[in-house]
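Note that the UniProt record's numbering gives residue 250 to position 250 of the sequence shown, counting from 1, and the numbers run on in steps of one.
Idealized CB from N, CA, C, for every residue including glycine.
Model, not experiment: these values are computed from the prediction.
For reference, the structure is listed below as structure tokens.
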Amino acid sequence: MPSLFASYLRIYEPLTAFDRERQIFWRRYAKEGRDLGPIEGPVRQRTAVLEALGAGWTRLPDLPDEAYVLEWDNSLLICPWNLRLRVAEAALNARDGVPAVLADAFVPPVLAGQAKAVVEDWRSGARVLEQGVPRVHEQIATWGVPLRWFAFVDLDEREIALTGRRRTLRYRTEISKARRRAHRAVSVLRKSLGDAPITEAVEEGTRWLEEFHPRSVVELDYGGLVNLLPEDKLTADDSPGLVAAGLSALSRGDADAATEAYEKLVARWRVVQLLERSN
1 MPSLFASYLR IYEPLTAFDR ERQIFWRRYA KEGRDLGPIE GPVRQRTAVL EALGAGWTRL
61 PDLPDEAYVL EWDNSLLICP WNLRLRVAEA ALNARDGVPA VLADAFVPPV LAGQAKAVVE
121 DWRSGARVLE QGVPRVHEQI ATWGVPLRWF AFVDLDEREI ALTGRRRTLR YRTEISKARR
181 RAHRAVSVLR KSLGDAPITE AVEEGTRWLE EFHPRSVVEL DYGGLVNLLP EDKLTADDSP
241 GLVAAGLSAL SRGDADAATE AYEKLVARWR VVQLLERSN
């Protein structure tokens with residue numbers, strides 16, 4: 001379930017990435033103006049999920065197909081929400097690491113069975129045979145931005161608006177550029193650090209980027225985090241630049257410079273993460 005204090009990594013795909021039925025649906029959806037922007041969207045997602053689960057978690061909710069819509073170079077791009085899948089995954093994750101009695105109280109076995117069926121059908125059911133491996137277009141991180149996401153964007157791609165009520169900070173780039181940066185990052189990290197957790201994390205993100213249409217657009221959105229940070233901090237934020245500097249230092253064997261960039265980045269985002277405990 002999306003948090004109000006979350007960041008987002010989204011993929012917008014052109015209509016040609018979808019089957020004919022979905023193309024017709026999304027074209028009509030956009031034409032009718034039914035879509036919401038990335039500011040209002042997370043609130044709609046939370047509301048839809050909470051209302052659907054209001055009956056005491058006795059069933060997996062039927063949620064409408066919705067998406068973010070982006071006009072890019074005279075093309076219509078779509079980022080589906082896939083809420084039903086995400087609710088199913090959240091229901092299963094809620095049971096992990098919890099005593100059986102508590103797990104059954106929070107997510108009843110009947111609901112857990114329904115959730116498992118939805119996830120299995122999504123990953124390996126008839127849907128895959130008909131349409132290919134389905135894609136999850138949005139990743140969500142609460143109380144911070146995963147540092148690996150910054151490897152996919154460039155500081156020059158930042159879009160920032162801090163006036164009025166619609167504060168935003170995001171990066172948008174062609175997926176071809178994001179893939180090149182991701183592969184370079186993996187190469188540098190594997191050569192310098194080997195099978196370190198950060199290497200595996202960036203590799204996982206790189207594989208995710210490869211799932212989408214080559215004319216897609218990648219968006220890193222600070223989302224509700226912009227409401228946690230003062231304007232001067234947001235304006236001065238150069239996190240993608242620090243990641244790029246750290247990777248560059250690793251590639252030339254300058255461990256001290258790489259460590260300095262990394263520690264500065266971690267310290268910056270630890271401030272945001274600590275806000276969760278005081279909330």
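Which residues in the same chain have their Cβ closer than 7 Å to the Cβ of residue i, if we skip the five residues on either side of it in sequence?
| i | result |
| --- | --- |
| R190 | T199 |
| D238 | L155 |
| R135 | E211, F212 |
| A249 | A257, A258, A261 |
Can you tell me whether residue i is buried or exposed? The criterion is at least 16 other CB atoms within 10 Å of its CB, across all chains shown.
| i | result |
| --- | --- |
| E130 | Any reading at E130 needs caution, since the residue's pLDDT is 47, under 50, leaving its predicted position unreliable; the model's value is listed next. E130 should be labelled exposed. |
| D73 | exposed |
| S176 | exposed |
| E263 | exposed |
| residue 284 | Beyond the ends of the chain as shown, which are 1 and 279, falls residue 284; an answer cannot be given. |
| A112 | buried |
| V186 | buried |
| D19 | exposed |
| D266 | One detail in the question is off: residue 266 reads as Val in this sequence, not Asp. Classification of V266: exposed, given that the 10 Å Cβ count is below 16. |
Per DSSP, residue i forms a beta bridge with which residues?
| i | result |
| --- | --- |
| W72 | S75 |
| residue 289 | Not covered by the structure: residue 289. The range shown for the chain is 1 to 279. |
| A236 | According to DSSP, A236 bridges with nothing at all. |
| P80 | A67 |
| E200 | Paired residues: none, contrary to the question. |
| L169 | I160 |
| E174 | V217 |
Which same chain residues, not among the five before or five after residue i, have their C-beta less than 8 Å away from its C-beta?
| i | result |
| --- | --- |
| E89 | A115, V119 |
| F25 | D65 |
Suppose the cutoff is 6 Å on Cβ atoms and the five residues either side in sequence are ignored; what does the same chain contact list for residue i look like?
| i | result |
| --- | --- |
| V243 | F150, A151 |
| D35 | V69 |
| D65 | none |
| L9 | Q139, W149, L220 |
| E159 | R170 |
| S7 | A141, V145, Y222, G223, L225 |
| V128 | Because V128 carries a pLDDT of 43, less than 50, the predicted location of this residue cannot be relied on, and no value is offered for it. |
Verify the CB distance criterion: does residue i have a CB-CB separation below 9 Å to chain D?
| i | result |
| --- | --- |
| G113 | In the structure shown, chain D does not exist; there is a single protein chain. |
Using a threshold of 8 Å, is the CB atom of residue i nearer than that to any non-hydrogen atom of the ligand NAP?
| i | result |
| --- | --- |
| Y12 | The ligand NAP is not among the ligands present in this structure, which contains no ligands whatsoever. |
Would you check if the segment 195 to 209 and the segment 242 to 260 touch, i.e. whether three or more CB-CB distances between them fall below 8 Å? no
Could you tell me whether the segment 135 to 146 touches the segment 266 to 278, using the rule of 3 or more Cβ pairs below 8 Å? Because the criterion of three Cβ pairs below 8 Å is met, the segment 135 to 146 and the segment 266 to 278 touch.
Pair every Cβ in the segment 68 to 88 with every Cβ in the segment 221 to 234, then say whether three or more of these pairs are closer than 8 Å. no
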